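S.K.: Pasting a structure here, questions to come.
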Amino acid sequence: MKKALILLAVFFFLLAPLRSEDYYNTAEIVSIEKTPGIIAKIRNMGLDLLMEWEGRIYILAGFEDIVKLQIENIPYKLEGSDLSSSNTQDAAAQSSINGEYHSYYEIEQELTAMELSYPYLAKVFDIGDSLENRNIYALKISDNVQIDEDEAEVIFLGCHHAREWISVEVPFLLGKYLVENYETSAEVKNLVDRSEIWIIPLVNPDGLEYSIHFYRYWRKNRRLNEDGTYGVDPNRNYGYKWGLDNNGSSPDTSSEVYRGPAPFSEPETQVIRNLFAQKEFKALISYHSFSKVIMYPWGYTNQPSEKEALLNTMAGEMASLIQSVNGSIYEYGPAGSSLYLTNGDTTDWAFGVYGIPSFTIELPPVDHMQGGFFNAENDIYPIFSENLPAMLYLIGWSIKQKNQDDTKLNKKYERPESKKLNVKY
Amino acid sequence: MKSPESYSTFVLLLCLIILSPAAAWPQLTLGQYEDEAPVRTWNLPLVTSAQSLSMGGTQFAFTQDCSCALTNPALLDRLPRISFALSLSTTRASLSKYSIINTGVIPTEGNSTLGLYAADFAGVSLRLKGWTFALSTALIENYDRPHVKLEYTYLGSPYESLDFNQGGELKNINISASHKIFRKVSLGIGVNFVSGFFEKNIEEKWTQSNITITNSMSHDFSGFYFNGGLLLDVSDSFTAAAVFRTPYSKKADSQSLIEYNAPQGDTDIKIEASSKCSFRQPLMIGVGINYKPSENVRIASDCAFFNWSEYKVNYFEEDLKRDFKNILKIGAGIEYITYQRYFNRNIEVPFRIGAVYDPQPMKNPNSQYFYFTFGIGAKYGKFFLDAAGMVGKEKGSGDNLIGQKFSITLGLYL
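Those sequence lines, one after another, are chains X and H.
So the number in our numbering is just where the residue sits in the first sequence, counting from 1, plus 85.
So the number in our numbering is just where the residue sits in the second sequence, counting from 1, plus 1.
Put into structure tokens, the structure is as follows:
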């Protein structure tokens with residue numbers, strides 16, 4: 086009997102799981118005093134900076150990192166193995182499966198926080214729902230943001246395609262940049278005061294979530310097609326020249342460029358259409374990746390549009406501004422003859438229906454060998470930064486265009502009034 | 002247990018358990034879209050003894066082995082002074098949509114099938130001075146999915162491959178105690194320590210450009226919960242039971258990696274994450290009856306409520322939505338006992354059948370399993386051996402999933 090019980094004990098011991106790996110047990114948060122040059126020094130040491138607070142720099146340090154601090158004779162203080170509540174946002178960023186990129190949830194949180202922090206500059210609109218009932222958010226930035234003023238309206242779109250994570254970040258960071266620099270930058274204040282800037286960083290939230298949680302290379306939305314395949318390409322679902330041919334889009338439901346059963350069949354494109362119906366946008370940029378190209382209509386044909394000269398000049402100006410930042414070269418030209426034919430895409434629709442300059446900017450990298458639809462997390466801000474002058478240029482251009490349009494309109498009103506007066510007198 | 006033969010038998014059984022592969026079967030049905038969905042049904046723990054399995058999964062008001070510690074420890078009081086039990090099982094289940102399979106990336110023609118083999122329960126109970134104690138271990142959840150590997154060729158040359166692998170399991174160690182608090186009332190309580198793992202890996206290779214995309218996820222699970230039950234002898238032939246399992250957090254130390262590797266471009270982009278995740282498991286309460294209208298016949302029925310509407314997932318700092326509803330699982334079975342004589346020995350041979358209604362918690366699709374169960378046993382002296390089968394189909398999702406389980410339980414009384 087005793088032997089049997091001993092055997093049982095051995096048996097249970099063998100079956101018991103022996104798992105003890107714990108990231109948080111192997112990493113500590115340490116703080117060091119902030120002194121001149123210390124940040125550059127610890128970055129060179131490859132340490133993982135968490136934040137600065139009250140004159141100290143906090144670092145997530147493993148055993149080897151602590152050894153490095155000791156070797157460099159840098160005094161440090163152990164702060165514990167968890168972050169304090171004062172830095173929960175940083176902690177979240179360290180533990181997100183999409184890293185520094187934003188998920189739907191994170192965009193929702195960030196936009197809400199932005200609206201709360203800058204209620205006089207930023208307002209978030211829920212402009213519709215995706216197929217899986219996620220909200221599609223539009224961020225409006227302007228002075229007197231609560232009021233619909235008679236100002237130039239310009240729109241920036243991101244993430245039509247789920248796997249193009251960088252295309253969420255660039256328009257989102259534009260919004261953040263504008264509100265954070267409104268008080269300190271005369272240029273930003275001037276632009277924000279004279280325009281209404283609309284930013285929809287996440288047109289395809291369902292696709293992005295699937296890309297984050299299941300398959301990184303997912304492109305389309307999450308439509309369950311009648312034949313059991315999934316997805317419609319939102320950037321082939323707009324109503325201008327939709328389904329013109331099978332080169333610029335595909336009727337095949339399993340294709341990456343499946344255009345859907347009808348123009349605007351998808352809620353994600355419907356919300357953009359509805360927003361355009363309520364606004365008078367002067368210009369548009371839709372961000373994509375990859376290849377470092379600025380494209381403009383037409384996409385459905387390789388023939389030039391009637392505004393080829395204007396669009397080419399604007400694209401050239403934006404490419405030049407990008408290059409001026411860090412030497413990064415973006416090619417530019419009409420989409421159909423520069424890259425490949427597309428029909429039913431955003432820019433053809435915005436240009437074809439509303440006549441506004443519309444651009445698709447394919448963000449870095451330039452090819453698959455450099456990462457394709459992947460960008461390193463530390464490339465997010467440089468990519469945004471190199472694109473920032475081009476975005477500001479487009480806002481400025483929209484303001485000028487609005488002024489010109491208003492002037493023309495006023496002249497139209499003035500003439501009959503003058504005639505009237507002439508007759509009278 | 003005093004003869005050398007008995008020791009040898011017991012040691013042999015232990016070796017079988019230890020050497021058996023930890024098993025799991027797949028059965029995602031509804032909710033199989035979520036990675037954390039256990040195979041076949043969300044409504045766990047699974048039936049772990051063949052006797053219960055064959056009687057429609059009933060296990061609240063009657064048992065003949067210590068697997069009752071997982072569901073109603075009050076029943077331990079009804080076992081002989083010392084009992085051992087070991088269950089082995091094999092399961093087959095069909096799957097339709099899970100992870101990247103049939104959700105847009107890899108389509109399959111029809112459902113996939115997963116087969117698992119497991120030593121899914123081992124336990125011992127011992128009565129001392131009016132108290133009965135039990136120590137047991139069980140495989141309570143499994144997260145395996147059929148492995149999928151695709152290779153695309155172009156003009157006879159490979160140019161892309163996609164490899165999907167997912168596996169995992171959750172084990173439980175249960176320590177229970179039972180006591181007869183009144184002449185006709187027994188009370189039992191158990192504490193359960195769970196541990197396990199989950200691993201998912203998706204690797205895509207573009208052969209000609211030598212580009213590899215890796216997406217991997219792992220969790221190390223831990224947690225604990227209490228379960229308990231009350232048993233009431235209404236009459237000599239009728240017993241009623243009430244049971245509960247507390248809600249608990251299945252916590253996980255989780256790691257994630259997304260990597261893009263293109264050596265020709267000297268590109269290696271990684272996004273690594275590490276987090277504490279949690280999967281809030283629901284409260285389960287249930288009632289059961291056991292009625293014995295004659296010496297040869299036994300009827301049992303269980304009804305279990307799962308509070309799935311409170312199921313919560315915190316996944317890498319995000320609260321994920323799981324649109325679940327509360328469900329009621331019902332099982333019933335009948336046992337007919339015969340007495341056979343083999344090799345000049347009397348052997349008790351019970352025949353059992355039953356049925357199970359097992360609705361799944363997802364609101365969409367609204368899906369339920371219907372199972373038919375059957376089994377046979379043999380009890381001779383201090384040994385018993387039960388074999389059981391469960392076959393069923395799912396309705397509601399449109400995928401016509403099937404589930405099968407066959408189980409053997411070996412037991413010993415001392």
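We put the CB at the ideal spot given by N, CA and C, even for glycine.
Please read these numbers as outputs of a predicted model, since none were measured by experiment.
Alpha carbon to alpha carbon, how far is residue 399/H from residue 54/H?
M.R.: Numbered from its first residue, the second sequence carries residue 399/H at position 398. Numbered from its first residue, the second sequence carries residue 54/H at position 53. Residue 399/H and residue 54/H: Cα-Cα distance of roughly 26 Å.
S.K.: Helix, strand or coil: how does DSSP classify residue 304/H here?
M.R.: The sequence position of residue 304/H within the second sequence is 303, counting from 1. Of the three classes helix, strand and coil, the one that applies to residue 304/H here is strand, per DSSP.
S.K.: Can you tell me the Cα-Cα spacing of residue 282/H and residue 147/H, whole angstroms?
M.R.: Here residue 282/H corresponds to residue number 281 of the second sequence, with the count starting at 1. Here residue 147/H corresponds to residue number 146 of the second sequence, with the count starting at 1. If I take the Cα positions, the gap works out to 25 Å.
S.K.: Looking at C-beta atoms only, is the number of pairs between the stretch 388-398 of chain X and the stretch 340-352 of chain X that lie closer than 8 Å three or more?
M.R.: No: fewer than three Cβ pairs fall under 8 Å.
S.K.: For chain H, check one thing: does any of its Cβ atoms lie closer than 8 Å to the Cβ of residue 314/X?
M.R.: The residue labelled residue 314/X in the question sits at position 229 within the first sequence. Yes, contact with chain H.
S.K.: Would you say residue 182/X lies against chain H (beta-carbon separation less than 8 Å)?
M.R.: If you number the first sequence from 1, residue 182/X lands on position 97. So yes, residue 182/X belongs to the interface.
S.K.: Any beta carbon of chain X sitting closer than 8 Å to that of residue 10/H?
M.R.: Here residue 10/H is taken as the residue at index 9 of the second sequence, counted from 1. The pLDDT assigned to residue 10/H is 48, lower than 50, so where the model puts this residue is not dependable; a value taken from the coordinates is nonetheless given after this. Not one chain X Cβ lies under 8 Å of residue 10/H.
S.K.: Whole angstroms is fine: what's the gap from residue 214/H's alpha carbon to residue 271/H's?
M.R.: Here residue 214/H corresponds to residue number 213 of the second sequence, with the count starting at 1. Here residue 271/H corresponds to residue number 270 of the second sequence, with the count starting at 1. The alpha-carbon atoms of residue 214/H and residue 271/H are separated by roughly 10 Å.
S.K.: For the beta strand (DSSP E) that contains residue 180/H, what are its first and last residues?
M.R.: To locate residue 180/H, count along the second sequence from 1; it is residue 179. Run containing residue 180/H: 158-183, per the beta strand (DSSP E) assignment.
S.K.: Please state whether the Cβ-Cβ distance between residue 247/X and residue 296/X is less than 8 Å.
M.R.: Taking the first residue of the first sequence as position 1, residue 247/X is located at position 162. Taking the first residue of the first sequence as position 1, residue 296/X is located at position 211. Yes.
S.K.: Assuming residue 480/X and residue 369/X form a contact by the criterion Cβ under 8 Å, report the distance between their Cβ atoms to the nearest whole angstrom.
M.R.: Taking the first residue of the first sequence as 1, we reach residue 480/X at position 395. Taking the first residue of the first sequence as 1, we reach residue 369/X at position 284. Rounded, the Cβ-Cβ distance is 12 Å, inconsistent with contact.
S.K.: Quick one: complete beta strand (DSSP E) runs, 3+ long, within the stretch 194-263 of chain X?
M.R.: Listed in chain order, the complete beta strand (DSSP E) runs (minimum 3 residues) inside the stretch 194-263 of chain X are 207-214, 220-226, 237-242.
S.K.: Excluding the 5 residues flanking residue 272/X on each side, which residues of the same chain have their C-beta closer than 6 Å to its C-beta?
M.R.: Along the first sequence, read from residue 1 onward, the residue named residue 272/X stands at position 187. For residue 272/X, where only same-chain residues beyond five positions count, there are no Cβ hits under 6 Å.
S.K.: Quick check on residue 104/H - is its C-beta less than 8 Å from some C-beta in chain X?
M.R.: Position 103 of the second sequence, counted from the first residue, corresponds to residue 104/H. Yes, contact with chain X.
S.K.: Does the beta-carbon distance from residue 328/X to residue 421/X come in below 8 Å?
M.R.: Here residue 328/X refers to the residue found at position 243 when the first sequence is read from its first residue. Here residue 421/X refers to the residue found at position 336 when the first sequence is read from its first residue. No.
S.K.: Strictly under 8 Å for the Cβ-Cβ distance: is residue 13/H near chain X by that measure?
M.R.: Against the second sequence, residue 13/H aligns to sequence position 12. Because the pLDDT at residue 13/H is just 49, under 50, the model does not fix this residue reliably, and the point stays unresolved.
S.K.: Along chain X, which residues have their Cβ under 7 Å away from the Cβ of residue 209/H?
M.R.: Here residue 209/H refers to the residue found at position 208 when the second sequence is read from its first residue. Ordered by position in chain X, no residue passes the 7 Å Cβ test against residue 209/H, which lies about 11 Å from the chain.
S.K.: For residue 84/H versus residue 406/H, is the C-beta distance shorter than 8 Å?
M.R.: The residue given as residue 84/H occupies position 83 in the second sequence. The residue given as residue 406/H occupies position 405 in the second sequence. No. Outside cutoff.
S.K.: For residue 419/X, which residues does DSSP report across the bridge?
M.R.: Your numbering for residue 419/X matches position 334 in the first sequence. Bridge partners of residue 419/X: 381/X.
S.K.: Residues of the stretch 433-464 of chain X with a CB closer than 9 Å to any CB of chain H: list them in chain order, please.
M.R.: The residues in question are 450, 452, 453, 454, 455, 456, 457, 458, 459, 460, 461, 462, 464.
S.K.: Looking at chain H, which residues of the stretch 314-341 of chain X have a Cβ within less than 9 Å of any of its Cβ atoms?
M.R.: Within the stretch 314-341 of chain X, the qualifying residues are 314, 315, 316, 339.
S.K.: Could you spell out where the beta strand (DSSP E) holding residue 1/H opens and where it closes?
M.R.: Residue numbering for chain H in the displayed model covers 2 to 415; residue 1/H lies beyond these limits and cannot be assessed.
S.K.: Grab me the residues of residue 342/H's own chain with a C-beta within less than 8 Å of its C-beta, minus the 5 sequence neighbours each way, in chain order.
M.R.: Within the second sequence, the letter at position 341 stands for residue 342/H. Result list for residue 342/H: 348, in chain order.
S.K.: What's the C-alpha gap between residue 214/X and residue 312/H?
M.R.: For the purposes of this step, residue 214/X is taken as residue 129 along the first sequence, with counting starting at 1. For the purposes of this step, residue 312/H is taken as residue 311 along the second sequence, with counting starting at 1. About 24 Å.
S.K.: In terms of DSSP beta bridges, what is residue 375/X paired with?
M.R.: Your numbering for residue 375/X matches position 290 in the first sequence. DSSP lists no partner for residue 375/X.
S.K.: Any idea what DSSP makes of residue 149/H, helix, strand or coil?
M.R.: Here residue 149/H corresponds to residue number 148 of the second sequence, with the count starting at 1. Correct three-state label for residue 149/H: strand.
S.K.: What alpha helix (DSSP H) runs, 4 residues minimum, are completely inside the stretch 47-114 of chain H?
M.R.: List check, alpha helix (DSSP H) in window: 51-55.
S.K.: I'd like to confirm the pairing. Which residues does DSSP put opposite residue 201/H in its beta bridges?
M.R.: Within the second sequence, numbered from 1, the residue matching residue 201/H stands at position 200. Per DSSP, 167/H, 218/H.
S.K.: Could you tell me whether the Cβ atoms of residue 414/H and residue 81/H are closer together than 8 Å?
M.R.: The residue labelled residue 414/H in the question sits at position 413 within the second sequence. The residue labelled residue 81/H in the question sits at position 80 within the second sequence. Cβ atoms of residue 414/H and residue 81/H: closer than 8 Å.
S.K.: If you draw a straight line from the C-alpha of residue 482/X to the C-alpha of residue 164/H, how long is it?
M.R.: The residue given as residue 482/X occupies position 397 in the first sequence. The residue given as residue 164/H occupies position 163 in the second sequence. Using only the alpha carbons, I get a separation of about 49 Å.
S.K.: Interface residues of chain X around residue 371/H at Cβ under 7 Å?
M.R.: Taking the first residue of the second sequence as position 1, residue 371/H is located at position 370. The premise fails here: residue 371/H is roughly 25 Å from chain X at the closest Cβ pair, so nothing lies under 7 Å.
S.K.: Measuring only the C-alpha atoms, how far is residue 217/X from residue 355/H?
M.R.: The residue labelled residue 217/X in the question sits at position 132 within the first sequence. The residue labelled residue 355/H in the question sits at position 354 within the second sequence. Answer to the nearest angstrom: the Cα atoms are 40 Å apart.
S.K.: When the Cα of residue 58/H is compared with those of 156/H, 218/H, 346/H, 333/H, which residue comes out closest?
M.R.: In the second sequence, residue 58/H corresponds to position 57, counting from 1. Of 156/H, 218/H, 346/H, 333/H, the residue nearest in Cα terms is 333/H.
S.K.: For the beta strand (DSSP E) that residue 268/X lies in, which residues bound it at each end?
M.R.: As a first step, residue 268/X is located in the first sequence; it is residue number 183 there, counting from the start. Careful: residue 268/X lies outside any beta strand (DSSP E) and carries neither H nor E.
S.K.: Taking residue 477/X as the reference, give the member of 154/X, 202/X, 263/X with the closest Cα.
M.R.: Taking the first sequence and counting its residues from 1, the one referred to as residue 477/X is at position 392. Measuring from the Cα of residue 477/X, the nearest candidate turns out to be 263/X.
S.K.: Classify residue 120/X as buried or exposed, calling it buried when 16 or more other Cβ atoms lie within 10 Å of its own Cβ.
M.R.: For the purposes of this step, residue 120/X is taken as residue 35 along the first sequence, with counting starting at 1. Result: exposed.
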